[in-house]
Structures are given as C-alpha cells and as structure tokens.
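If you read the sequence shown in the working numbering, its first letter stands for residue -18, the second for the next number, and so on. C-beta atoms are modelled at their ideal positions from N, C-alpha and C, and glycine is treated no differently. Treat the numbers as computed from the prediction; the structure is a model and nothing was measured.
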Amino acid sequence: MHGSHATGSPYAPYTEEDRTAMLETVGAEAVDELFDIPADVQFDGRFDIDARTERETRRLVRSILDRNDDVTELLGRGHYGYYVPSLVDHLADRSEFLTSYTQYQPEISQGFLQALFEYQSLLVELTGLGVANCSMYDAATALGEAATLADRVRDTTGHRVLVPELLREERRSTLENYVAGTDLAVETYPVADGTVDLAGLTDLVDDGVVMIYAESPTVRGTIEEDLAAIGDLAADTEALFVLGSDPVALSLLERPVDVGADVVVGDASVLGLPTSYGMGLGLFATREDYLRQVPGRLVGASEDATDRRAFTLTLQTREQHIRRERATSNICTNQAWVALRTAMHAAVLGPSGLVELAERDVQRARDLAARLDDFVGVIASVHDRHHLREFVARVDRPARAVADDLEKRGFAVHVVGDHEIQICIAGVCDERIDEFVAAVEEVTR
C-alpha cells in the first residue's frame, strides 16, 4: 500500500492525486457522479429523528409492532415455522458463538469449528454424498453455485441449464444473475400434476445440457416420484443432476446419492430458525470428486502437535479471499451462526426425532387435505401425489376472496391461482388446524 492515511482509513489509502487520476480515467469530475441515488433518499447530514428516552423509544416500537396482524400462518413455499427448542436459543446466544468472526484462527475456535463440522457431517449422512460445505447464503445462491460448478466440471461445449417451470421466481432470478457473466443459459422444462413431466424433460435433454435441476418436495409440496429416472437421464448425457431439498425432507425420502444426484442444494434453516421471510441457510453437498470445486468454506478434521483431534478451515486456496479471480466462487462469507443453530436443532431431535417430524408432516398434510376435501366447493389436494408439509387446494370461489376472508378469521394462506390456495401445516398446532378447518367451511359455502 502507499499514500497518506491522514484523512482516511488505512484500508483506503489513496491520495488526492490518486483519486483525481482515477476520476479522469472514468470520465467523471467527482466521486458523487459515480452514484445514482434518488434525491429523496439521499442523506443530507441530518436524520430528523426526535430524541427520546429509552422508555419512550420502547413505547414507540411496541406501538408499531402492535399494528401487525395477529394471524396463524399456513404459508410455506420455502418458509416454515417449525418449533425451535429453547435449548437452541440458550446455546447459540452464548457470546462465543454470537460474536464470533470467521474461524480463521483454529487455536481459539475449536468449539465453533467442531459444531460446523458436525453440521457438515449431518448433511453428508442425509444426502449420502461425500462432502458438504459449512453453508451458503440461502437456497437460491446454492442453486446458482451449483450451476457454475456444473459449468466448470462438465466437459462439453453445451451451456444449457434445465429447471422446472414451477421453480420459485426469486430462485430463478438469482440463478439468472449467477449465470449472467457466463455462457450458461437457463431454460425451463414442463411439469405434470405437480411433478416433473418426464417425457417433456426427455425431449429437451441433449448433449448441450450441463445441469438438470429438480426439487423434492416441490414448491407446491409434492414429492417427486421420478428422481431416479431424472438421474439416469442426466447420467446418459453426462449432465450434472442437482436436487433441491431440505434436512427434514431428506430424513424421510430416498437419499439423493441413491437416485443419482451429483449435488444437493436447498434451505437447511427449516431447522434452527423460525420463519424468517428471507434469511436462510443454503445447504450445499456434492460428490467427493468435486471437492476442490466446492464453493464456500469447508471445515476439516486433523490432529494438532500433540496428536489430539483438531478442526480447521481447510482447502482455503479454493476461496475468493486467497485466489481472487481464480477462486471457485465469489462468495466470501456464509451463514455459520445459522448453521450452528441447525446442527443444534438436529442434535436435539436426534435421528429418530427428525424422521418422526417428517412423518408427522406427511400425515398431517394428508389428514388436513382429506378434511377440506369433504367440503362442497373445495378439492384438496389438486395433485394426485404424495405431499410433505403443504398442498394446493382448489376452491370454487375466487381464491383471493377466500384468502381475504380467512385472514379476517385469523389465518394466512397463499393464493397461487385464480381458484387455488396453498396451505402449509408446518409448525401449526392441532387446535389451530381444527379452527382453520372450521374457517374454511365458513368461507367456501
């Protein structure tokens, strides 16, 4: 580094001459010209916030929060409100975890590193794949990273990435952003009755496909029954088969490795976090063949100078903070604290408890659909498939009107079509389910 630090940070050590030269190079007269910030949101040096005492501030915040509707959410579609044991909060809120920075110094981070290693081990066991990283931002970024990994390891001149037409828009958008700087092109394949239209997918697959992505459960709660066939289809054309799922589903469904999956992505925060409306925990697991192509951080087990088992961040030469433009990914952080919570929640449940949770999700969704299907003007579910947690129901009345009337009675559901609503039972107690059934009967008469 060079230049004076007298008027700025040592991390931005440019002199006035440096800045002038850079501005001339890009054709600007002032730094402000590089930012297009609307005038109504520009900071003018004043916050215009009245000074308040702590008691006044608490009263104001409470009055704002009280304006929220007190409704029971049966929303789902990637956001699930499972009960998180209080033990998770008590342990995860310890200062050693809550204020921890990246575990670059293993000699002072053994506890956190071991917890992250256990998180990775959990995903390896659930997926059957050889390696899992210690988290991505969320499911959408994990999907984007899977596409760029496929492009690196797939020996082909093709660049087509196939995703289901039911893929959530925000995940599709993130994927498009990831591939924008590459030759990859995202295309959709059809679905039939809530799952993959295998014949339609087969017609689209050729040697130009680098990746096929499928989800189980899907965004509509259906369980994909043709995963092995999709895996075979990908293997026949040497495309990577990427499967989207989550730890609860994986505890009950076929192991991804057994259906030919090369990469598993998804949101692991179904465990450890309440419904967070955006914040998540991207899981990423893959075959050991692709170990050095894995994005994000990896925790490894080794031995210290006294032959004791020790944990450390490993294979860091893959990462952005070391290899810069030659890194496997530009991701330079992760969701370690959320991964910690997920590992804690899974440990509290144990293997049998995790399976029991998933089985209960299947049974309760089936039972609720059967109860609603008895009502005139309701068909539940619309898909003749197995479901986990959630399902789509058809209503004779306009779906928006049904959802609005349910909200007035204290229940929130998704509108997914002119006459379709989606209902999720995850985290909703049996008593509220009974009250929801009564509310549906009222609003669909």
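For residue i, collect the residues of the same chain with a Cβ closer than 7 Å to its Cβ; drop the 5 residues on either side in sequence, then sort them by chain order.
i, result
"valine 424", "Val383, Asp386, Leu387"
"valine 240", "Leu208, Ala209, Gly212"
"leucine 94", "Gln84, Pro87, Val280, Phe292, Thr293"
"serine 428", "Residue 428 lies beyond the residue range present for the chain, which begins at -18 and ends at 426; the question has no answer from this structure."
"arginine 434", "Limits of the chain in this structure are -18 at one end and 426 at the other, which puts residue 434 out of reach."
"proline 171", "Glu146, Asp178, Gly181"
"asparagine 315", "Cys115, Ser116, Met117, Gly277, Arg278"
"aspartate 399", "Pro379, Ala380"
Would you list the residues sitting across from residue i in a DSSP beta bridge?
i, result
"cysteine 405", "Glu371"
"aspartate 248", "Gly263"
"phenylalanine 222", "Ile193"
"histidine 395", "Gln403"
"tyrosine 258", "Met260"
"alanine 427", "An answer regarding residue 427 cannot be provided, because it is not within the stretch -18 to 426 covered by the chain."
"glutamate 54", "Ala393"
"histidine 60", "Gly57"
"alanine 173", "Thr176"
"valine 376", "Val359"
"threonine 203", "His368"
Cutting at 8 Å between CB atoms, please list the residues of its own chain near residue i, excluding the five before and the five after it.
i, result
"arginine 0", "Val12"
"glutamate 340", "Leu233"
"aspartate 415", "none"
"serine -15", "Residue confidence is low: serine -15 scores 47 on pLDDT, short of 50, so the model does not pin down where it sits. No coordinate-derived value is stated."
To the nearest angstrom, how far is it from the Cα of residue i to the Cα of residue j?
i, j, result
"glycine 391", "aspartate 47", "15 Å"
"glutamate 412", "valine 418", "10 Å"
"aspartate 119", "histidine 368", "23 Å"
"isoleucine 402", "glutamate 77", "44 Å"
"valine 343", "isoleucine 204", "10 Å"
"valine 7", "phenylalanine 24", "25 Å"
"glutamate 422", "arginine 58", "23 Å"
"threonine 218", "glutamate 106", "28 Å"
"valine 329", "glycine 92", "17 Å"
"leucine 15", "leucine 182", "46 Å"
"valine 397", "threonine 169", "19 Å"
"aspartate 51", "glycine 162", "44 Å"
"asparagine 49", "leucine 97", "36 Å"
"threonine 138", "valine 42", "57 Å"
"arginine 378", "alanine 420", "14 Å"
"valine 22", "arginine 307", "37 Å"
"histidine -17", "alanine 2", "Model confidence at histidine -17 stands at a pLDDT of 44, short of 50, so the residue's coordinates are unreliable; what they give is reported in the following sentence. Looking at the two C-alpha atoms, the distance is approximately 15 Å."
"alanine 195", "leucine 221", "11 Å"
"arginine 236", "glutamate 151", "26 Å"
"leucine 104", "glutamate -2", "52 Å"
"cysteine 115", "serine 102", "10 Å"
"alanine 128", "alanine 242", "14 Å"
"threonine 34", "threonine 53", "34 Å"
"isoleucine 45", "alanine 327", "35 Å"
"serine 154", "alanine 286", "48 Å"
"isoleucine 404", "leucine 349", "9 Å"
"valine 167", "leucine 68", "42 Å"
"arginine 273", "aspartate 29", "52 Å"
"serine 90", "serine 81", "9 Å"
Which same chain residues, not among the five before or five after residue i, have their C-beta less than 6 Å away from its C-beta?
i, result
"isoleucine 250", "Reading off the sequence, residue 250 comes out as serine, not isoleucine. Counting only Cβ-Cβ distances below 6 Å, and skipping sequence neighbours, we find Gly261, Leu262, Val319."
"leucine 296", "Leu279"
"glutamate 269", "Gly111, Val112"
"proline 276", "Glu126, Thr309, Ser310, Ile312"
"arginine 426", "none"
Start and end of the alpha helix (DSSP H) containing residue i?
i, result
"methionine 325", "317 to 354"
"valine 142", "Here valine 142 belongs to no alpha helix (DSSP H); instead the beta strand (DSSP E) covers 141 to 145."
"isoleucine 360", "First-last for isoleucine 360: 359 to 361, but that is the beta strand (DSSP E), not the alpha helix (DSSP H)."
"asparagine 158", "150 to 160"
"glycine 212", "208 to 217"
"glycine 125", "120 to 134"
"proline 19", "It is not in any alpha helix (DSSP H) - proline 19 carries neither H nor E in the DSSP assignment."
"arginine 413", "411 to 424"
"phenylalanine 78", "76 to 79"
"threonine 6", "-3 to 7"
Find out if the Cβ-Cβ distance for the pair residue i, residue j is shorter than 9 Å.
i, j, result
"leucine 110", "alanine 230", "no"
"glycine 253", "alanine 361", "no"
"valine 373", "leucine 55", "no"
"leucine 156", "valine 142", "yes"
"glycine 202", "glutamate 371", "yes"
"threonine 256", "tyrosine 61", "yes"
"arginine 366", "glycine 175", "yes"
"leucine 124", "tyrosine 159", "yes"
"arginine 375", "valine 357", "no"
"valine 245", "valine 223", "yes"
"glycine 408", "tyrosine 64", "yes"
Within the continuous beta strand (DSSP E) that includes residue i, where are the two ends?
i, result
"phenylalanine 292", "290 to 294"
"serine 283", "280 to 284"
"valine 167", "166 to 170"
"isoleucine 89", "From DSSP, isoleucine 89 is part of no beta strand (DSSP E); its letter is neither H nor E."
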